[in-house]
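Protein sequence lines, in the order shown, are assigned to chains A and B.
Quick note: the first sequence uses my numbering, first residue 1, plus one each step.
Quick note: the second sequence uses my numbering, first residue 1, plus one each step.
What follows is a single structure, written as structure tokens, with notes after it.
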Amino acid sequence: MTRTGPRLAAAAAFLVFTAACGSSSGGTVATDVGITSNQILLGNTIAQTGPAAAYGTIANAENAYFTYINNQGGINGRKIKFVILDDGYNPAQTVPLTKQLVEQNQVFAMFSGLGTQTQTSVRDYMNTQKVPQLFVATGATTWGLDYSSHSWTLGWQPPYQGEARIYAKDITTNHTGAKIGVLYQNDDYGQDYLKGLTDGLGASASLIVDKESYDVTATSVASQLVKIKASGADTLFIFATPAFTIKAMATVTAIGWAPRLYINSVSDVATYMKIAEKAGAKVDGAISVGYIKDPTDPQWANDDGMKLYRTVIANCSTCDANNGFNIYGVAVAYTMVDVLKLAGSNLTRANIIKIASSQLNESNPFLLPGINLTTTSSDHFPIMQEQVIQWSGEQWHLQGSIIDERGTIK
Amino acid sequence: MRFLTRAPRRYWVVALVVIVFAGLPTQVTSFQSLEWAEVLIFAIVIMGLNLLVGYSGQISLGHGALMAAGAYTTAILVHRYHIGYLATVPIAGVLTGLLGFLIGIPALRLSALYLALATFALAVITPSLIKRPENLTQGVQGILLPPPDPPDWASSLFATVTGGPAMTSDQWLYYLCFAAAIILFWVAWNIVRRRPGRALIAIRDGEVAAAASGVNVAGYKTLAFGLSAFYAGIAGSLYGLATGFVSPDTFPLSLSFGLLVGAVIGGLGSIAGPLFGGIFTFWLPIMSSQFVQTQSWIPDQVASVFRNAGPSVTYGALLILIMIFAPNGLAGLILSGYARLRSRLRGVGERTTGQLPPDPQTV
Chain A
1 MTRTGPRLAA
11 AAAFLVFTAA
21 CGSSSGGTVA
31 TDVGITSNQI
41 LLGNTIAQTG
51 PAAAYGTIAN
61 AENAYFTYIN
71 NQGGINGRKI
81 KFVILDDGYN
91 PAQTVPLTKQ
101 LVEQNQVFAM
111 FSGLGTQTQT
121 SVRDYMNTQK
131 VPQLFVATGA
141 TTWGLDYSSH
151 SWTLGWQPPY
161 QGEARIYAKD
171 ITTNHTGAKI
181 GVLYQNDDYG
191 QDYLKGLTDG
201 LGASASLIVD
211 KESYDVTATS
221 VASQLVKIKA
231 SGADTLFIFA
241 TPAFTIKAMA
251 TVTAIGWAPR
261 LYINSVSDVA
271 TYMKIAEKAG
281 AKVDGAISVG
291 YIKDPTDPQW
301 ANDDGMKLYR
311 TVIANCSTCD
321 ANNGFNIYGV
331 AVAYTMVDVL
341 KLAGSNLTRA
351 NIIKIASSQL
361 NESNPFLLPG
371 INLTTTSSDH
381 FPIMQEQVIQ
391 WSGEQWHLQG
401 SIIDERGTIK
Chain B
1 MRFLTRAPRR
11 YWVVALVVIV
21 FAGLPTQVTS
31 FQSLEWAEVL
41 IFAIVIMGLN
51 LLVGYSGQIS
61 LGHGALMAAG
71 AYTTAILVHR
81 YHIGYLATVP
91 IAGVLTGLLG
101 FLIGIPALRL
111 SALYLALATF
121 ALAVITPSLI
131 KRPENLTQGV
141 QGILLPPPDP
151 PDWASSLFAT
161 VTGGPAMTSD
171 QWLYYLCFAA
181 AIILFWVAWN
191 IVRRRPGRAL
201 IAIRDGEVAA
211 AASGVNVAGY
221 KTLAFGLSAF
231 YAGIAGSLYG
241 LATGFVSPDT
251 FPLSLSFGLL
261 VGAVIGGLGS
271 IAGPLFGGIF
281 TFWLPIMSSQ
291 FVQTQSWIPD
301 QVASVFRNAG
311 PSVTYGALLI
321 LIMIFAPNGL
331 AGLILSGYAR
341 LRSRLRGVGE
351 RTTGQLPPDP
361 QTV
């Protein structure tokens, strides 16, 4: 009897231990709509046709990363199913398609919906339904800034105002005598950049000698550029989407002007710079910022993150591996998977949005070294670091070190 | 009783369609009610377009812009002046109608082709125009509209009938669109069967002959444009309420094209045509981008063409097919099919006169 006592106790302890293990790995898992024992359903609306169709490949790249994760066994045994719907960049389409995904397909969350107007059109709906609208693919400052009133919506990429503030810093430290001309698109996106630049310049805002806008429906920006040149500016900011940026750079050279050029990150894909050069533009010395590794940059050829990207993107037959939009898609999908992994067995909508909006601390292999995705209970801009880049000899070169704009936008 | 037995057969068809549409939200989900509400909205604007194109023979490529006028009227009145959304619907219709009337005045001086170009220009400049008065339209930010809550009586009535949960705002919107569609279709039906309708058809078929017969050509043409714009304004207002957000991008050029194609495919110069047109205009983009992908029997190459070119390919292909095989649209196809069937069953021609009814005219 004296010997069996400890043995019994040990056996009992072992049983309790296995029972405890069993219950923690299965059984009591908190789940939500769109989650089954072997699947996580995510939805997305993006422009795959229409004026912004070039962005459509982002969703395919995201799907390529989810396929990669699924082939590795998924997230805790659950595979991600990603439903992509085409809204043609039209908010009137985004509303019914988003309702379809939420009410009909019963998605767990919406992920990486593209476009400022389109995503604004469903923001109130998502917040009343309490469905996460995660990592919207737009740099409008409102996503992070207005988080307190829309706590189910979160951005991902650096806000346009933050980027413009980096340019302002470059002006106030390196080119204090600059005479600045600004060409911007007359919409929320162009105005967001302009506000960031003006705020960032602060007391030096008088350096801006002329600002001209154009509408997306315009066919030429020549008259605006001639006006800016006539104002005596020696520095030109182009806050425009790719097609207009290319056109503007070619026009600047054509009218015999050679200002210091600043190109926004929306249009600084290396392919577009080369197209502009082919169109006759002299773009050597142009300045922009970056936060994602450029797939065409030879310095990343042996980088682990870039190798992983090449493996992942092979899952998408229609994706061009050298297109900067695709590595953007893979990078944001990486963060999504990270959040789902962090949620562990507490896979609820409320927990997902809590982790994404206030507990993120991730070093993403597809972003420039040194950039960290962070959110806290008082800061809801995941990426706030960028690095100045300069174009020379057919490619971008990183300049200086990472600049952190965290906390400057209030 | 005698009324019931003597009623023409088409009355029964109309009654059946109305009953089906009235009962639809009790059978489908709240989200599907919203989809069908948009079908009815498109049917209303296409009805207006049909009055203009099908009956008076003038072509408009600018009805998307007129919808924008209606939607922005409602959005601004609700958002800025806090007027009840229900009251804004007729206001939007009347204001847009006035706008159409004003556009109709120069339209008198233009023949069909040039009118098409002028209205096309209207559709092109509208998105840019909306952005300018920024404090009124909120520029590119767009205006968010809260979803309209159903009144208590409707909500409880719906719950009693279905024995389920209370009415959602999407279902309430469906019934708003349903009521508007019934009234406007009834108005259109009365117009085309009476003096103004006959005058419009006379203008369409021969302007000189119509003028010689004493028809006020200029007056009726302007009236047609104003009336058509009134329909577009009502539809635009409901469209804004249904999507809950209006912005310049909500009314792209392609919307105007889609509406005209919908009117042609549904069937010009017919009252049932716009309903088919509405169904077609709403479902075709969804079908071509979502349905085709899920069909494994369609080869990948074909499916990818549909994905990349979106609804445009389908629009084009269907338009050609319809023009060849059913020049009077879907409504015309059904009517002629019915007439053929009847002549097979009962012998050729009308029983009393022995004559076949003439084919409806196209433009």
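A virtual CB, placed ideally from N, CA and C, is assigned to each residue, including glycine.
Original post:
chain A beta carbons: is any one of them nearer than 8 Å to that of L34 (chain B)?
Top reply: yes
Original post:
With distances taken from CA atoms, which of B:Q171, B:V161, B:V94 is nearest P150 (chain B)?
Top reply: B:Q171
Subject >> the stretch 97 to 107 of chain B contacting the stretch 283 to 294 of chain B, beta-carbon criterion three pairs below 8 Å >> reply: no
Subject >> Contacting residues, own chain, Cβ-Cβ under 6 Å from M336 (chain A) (five flanking each side not counted) >> reply: F111
**OP:** Take the Cβ of W297 (chain B) as the centre, count every other Cβ of all protein chains shown within 10 Å, and call the residue buried at 16 or more, exposed below.
**Re:** exposed
**OP:** Output the boundary residues of the beta strand (DSSP E) element that contains R260 (chain A).
**Re:** 260 to 263
**OP:** Starting from the Cα of V124 (chain B), find the closest Cα among B:T281, B:G62, B:S156 and give me that residue.
**Re:** B:G62
**OP:** Tell me whether H397 (chain A) sits in a helix, a strand or coil according to DSSP, three-state version.
**Re:** strand
Subject >> Within-8 Å CB hit, T96 (chain B) to chain A >> reply: no
Subject >> Burial state of L145 (chain B), where buried means 16 or more other Cβ atoms lie within 10 Å >> reply: buried
Subject >> Validate contact between the stretch 249 to 266 of chain A and the stretch 283 to 294 of chain A using beta carbons, cut 8 Å, 3 pairs >> reply: yes
Original post:
In the stretch 308 to 393 of chain A, which residue ranges form an unbroken beta strand (DSSP E) of at least 3 residues, counting only runs that do not cross its ends?
Top reply: 385 to 392
Original post:
Taking only beta-carbon atoms, is Q141 (chain B) less than 8 Å away from chain A?
Top reply: yes
**OP:** Starting from the C-beta of V226 (chain A), find all residues in its chain whose C-beta is less than 7 Å away, skip the five residues before and the five after it, and write them out in chain order.
**Re:** I255
**OP:** Counting only runs of 4+ residues fully inside the stretch 10 to 61 of chain B, write out the alpha helix (DSSP H) ranges in chain order.
**Re:** 30 to 50
**OP:** With a threshold of 16 other CB atoms inside 10 Å of the CB of G26 (chain A), please say whether the residue is buried or exposed.
**Re:** Any reading at G26 (chain A) must be qualified, since the residue scores a pLDDT of 41, below 50, and its modelled position is unreliable; the value itself is stated next. G26 (chain A) should be labelled exposed.
Original post:
If you draw a straight line from the C-alpha of G202 (chain A) to the C-alpha of L183 (chain A), how long is it?
Top reply: 19 Å
**OP:** Check the DSSP bridge columns for R78 (chain A) and list the partner residues they point to.
**Re:** A:I75
Original post:
From the beta carbon of P127 (chain B), is the nearest beta carbon of chain A less than 8 Å away?
Top reply: yes
Subject >> Interface residues of chain D facing N90 (chain A) [CB-CB closer than 7 Å] >> reply: The question asks about chain D, but that chain is absent: this structure's protein chains are A and B.
Original post:
Residue range of the beta strand (DSSP E) that E212 (chain A) falls in?
Top reply: 208 to 214
Original post:
Skipping 5 residues on each side, what residues in its chain have a beta carbon closer than 6 Å to that of K341 (chain A)?
Top reply: I75
Original post:
Quick one: what does DSSP say Q301 (chain B) is sitting in, helix, strand or coil?
Top reply: helix
Original post:
Using a C-beta cutoff of 8 Å, does L144 (chain B) count as contacting chain A?
Top reply: yes
Original post:
In this structure, does DSSP put Q290 (chain B) in helix, strand or coil?
Top reply: helix
Original post:
So is S237 (chain B) in contact with chain A if we call contact Cβ pairs under 8 Å?
Top reply: no
Original post:
What are the boundary residues of the alpha helix (DSSP H) that F403 (chain B) is part of?
Top reply: As shown, chain B starts at 1 and ends at 363. That puts residue 403 (chain B) outside it, with no answer to give.
**OP:** In the DSSP assignment, find the alpha helix (DSSP H) that holds A257 (chain B) and state where it starts and stops.
**Re:** Here residue 257 (chain B) turns out to be Phe, not Ala, going by the sequence shown. Counting along the chain, the alpha helix (DSSP H) containing F257 (chain B) begins and ends at 253 to 266.
Subject >> Cβ-based neighbour list, R260 (chain A), same chain, cut-off 6 Å, excluding 5 preceding and 5 following >> reply: T235
Subject >> Option in A:K81, A:P91, A:I402 with minimal Cα separation from D249 (chain B) >> reply: A:P91
Subject >> Distance between A343 (chain A) and S24 (chain A) (C-alpha atoms, nearest Å) >> reply: Because the pLDDT of S24 (chain A) is 41, which lies under 50, any placement of that residue in the model is unreliable, and the question is left without a value.
Original post:
How big is the Cα-Cα spacing for A317 (chain B) and I324 (chain B)?
Top reply: 11 Å
Original post:
How is the alpha helix (DSSP H) around S112 (chain A) delimited, first residue to last?
Top reply: That residue, S112 (chain A), is in no alpha helix (DSSP H); it is neither H nor E in DSSP.
**OP:** Could you round the C-beta distance between T241 (chain A) and A281 (chain A) to whole angstroms and report it? I think they count as a contact, below 8 Å.
**Re:** Incorrect: roughly 16 Å between the Cβ atoms, too far for contact.
Subject >> For L41 (chain A): DSSP bridge partner residues >> reply: A:K81
Original post:
Can you give the Cα-Cα distance for A326 (chain B) and L134 (chain A), rounded to whole angstroms?
Top reply: 47 Å
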